[in-house]
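Down below is the structure, laid out as structure tokens.
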């Protein structure tokens, strides 16, 4: 019988610091970006010292976000490869949404939703970086033909949409929906029961060698 | 900005209607390229009235000076040696600068509220204090007119002397032109005058003479009379059928759609929290170490 206080290590201190910096860069790049996405959110530029400052800071936050994401991507891509079970899981999204994990195929370190989020970021982050460079005044935009700058604008908006939709799901799941998840990124550990409930294959892997 | 706020009919990055009590007469500047002698008096007058000083550049053996529009050069004489037809030489001179579109691409692309405005009289003006320096107006313009200043991270272009027009004066280039090839008045007057000039040119054998007032950008408040209106590209790349690029329209059109989808997704998460609720590790799962497959009766509500 596993004890109530038994904890399983999920992230190292390095993982947590990188994730925290990534989250911070996302918040800063996101707020400065939203200011220019729609007039209703232009007031956010006041948080950064006005429009001129916001225009200056946004690309810098964006590059930082990409760097921290890249570090995470290199470490975690191998845990995010989709397997056959994952497609069965994705076919039962109704049960996922209704918290009926007992009806779902067992999940490893990451569930297919988390994996798809990861791959959508792998798509969106480089697109944001490349299109962002083509839009970056004053240093890079003048180096690109005007047609490229225009298409970069479209790509930047669409990839920002992918990023934001992913982040809304990610933040909601980690902070509000799946209770017990947040501590993985704040303290590095999760409870034994949480791991068994949400990531049974990973739990078995982490506790194999131990008696039950 | 010297014009009153009541005169602004369109404002960048603004979703509610602008003040629209006034119905001012639309103005226009007409540039008759057939009577331009390329003296550059307009260019000098523009720099003088607007207090702009271009950096001294290099002479590279052509008439254009400076070589391109800049943040300090809002109007520029462009010279083109062309063969409109085989074995027929023509030297075309065009005063380049903002055309003050009826439907300005710069204004559509601009994300800074009130950094670009369109006045009731048709003048499109940049309000420098609101400019954030993103340069999207440069991408939005079908005529490659706005130029960013490295000194202050703001973008500049011809104002059609909105300060002079506001007090009943003509733009300074019009006042200075020694041949009278630039005229200023109501758009209707200028269209009539343009037709008159086109008639003269046709009578002189320029069968393709015409007015450049392109429909694709909602007409312009700076119009040209061209001898070769069928080939505007001859005049140093004046676009034949200019319109706001599809990519620019898509770019600005996608923004409200994107903001809306983000809002909907956040609302979806909010509703999910109250409809389904958080997924918690139950006490019994914690204590007994039940297997995953055991149904949790409490959730079958």
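Chains as they are written, first to last, in the numbering used here: chain A, 1 to 212; chain B, 1 to 301.
We put the beta carbon where it would ideally sit given N, CA and C, even for glycine.
Chain order gives no chain B residues near residue 74 of chain A, where near means a beta carbon separation below 8 Å; the closest approach is about 28 Å.
Annotation: residue 85 of chain B is outside any alpha helix (DSSP H); the continuous beta strand (DSSP E) that includes it extends over 76–85.
Contact holds between the stretch 154–173 of chain B and the stretch 41–55 of chain B, because three or more Cβ pairs, one in each stretch, are under 8 Å apart. Legend: CB atoms of the stretch 230–258 of chain B lying less than 7 Å from CB atoms of chain A belong to residues 245, 247, 248, 250, 251, 254, 255, 256, 258.
Within the same chain, and ignoring the five residues on either side of residue 33 of chain A in sequence, the residues whose Cβ sits closer than 8 Å to its Cβ are 58, 62, 160. DSSP, read as helix, strand or coil, puts residue 164 of chain B in helix. Residue 8 of chain B places its beta carbon 8 Å or farther from that of residue 100 of chain B. Relative to the Cα of residue 158 of chain A, the nearest Cα in the group A:146, A:81, A:129 belongs to A:129. Nearest CB-CB separation between residue 178 of chain A and chain B: below the 8 Å threshold. Within the same chain, and ignoring the five residues on either side of residue 277 of chain B in sequence, no residue has its Cβ closer than 7 Å to its Cβ. Going by DSSP, residue 136 of chain B is part of the alpha helix (DSSP H) stretching over 136–140.
Its Cα nearest to that of residue 194 of chain B, the residue B:33 stands out among B:33, B:14, B:11.
Among the residues facing chain A, residue 276 of chain B is included, as its CB has a counterpart in that chain under 8 Å away. Per DSSP, reduced to three states, the secondary structure at residue 169 of chain A is helical. Considering only beta carbons, the part of the stretch 101–120 of chain B lying closer than 9 Å to chain A consists of 109, 111, 112, 113, 115, in chain order. By alpha-carbon distance to residue 41 of chain B, the top candidate from B:267, B:210, B:76, B:61 is B:76. Under the DSSP assignment, residue 189 of chain A falls in the beta strand (DSSP E) whose first and last residues are 189–191. Relative to the Cα of residue 153 of chain B, the nearest Cα in the group A:36, A:46, A:56, A:49 belongs to A:56.
Remark: C-beta atoms of residue 31 of chain A and residue 44 of chain A approach each other more closely than 8 Å. Flagged as an interface residue toward chain B: residue 54 of chain A, by a C-beta distance shorter than 8 Å. In this chain, the beta strand (DSSP E) harbouring residue 119 of chain B covers 116–119. When 8 Å is used as the limit between beta carbons, residue 262 of chain B is near these residues of chain A: 161, 164, 165, 168, in chain order.
Considered as a whole, the stretch 22–53 of chain B harbours 41–49 as its complete alpha helix (DSSP H) runs of no fewer than 4 residues, in chain order. Sequence-distant Cβ neighbours of residue 182 of chain A in its own chain, meaning closer than 8 Å and more than five residues away, are 174, 175. DSSP places residue 89 of chain A inside the alpha helix (DSSP H), whose first and last residues are 84–90. Residue 234 of chain B is positioned such that its CB atom lies no closer than 8 Å to that of residue 212 of chain B.
Under the 8 Å criterion on CB atoms, residue 29 of chain A is classed as non-interfacial with respect to chain B.
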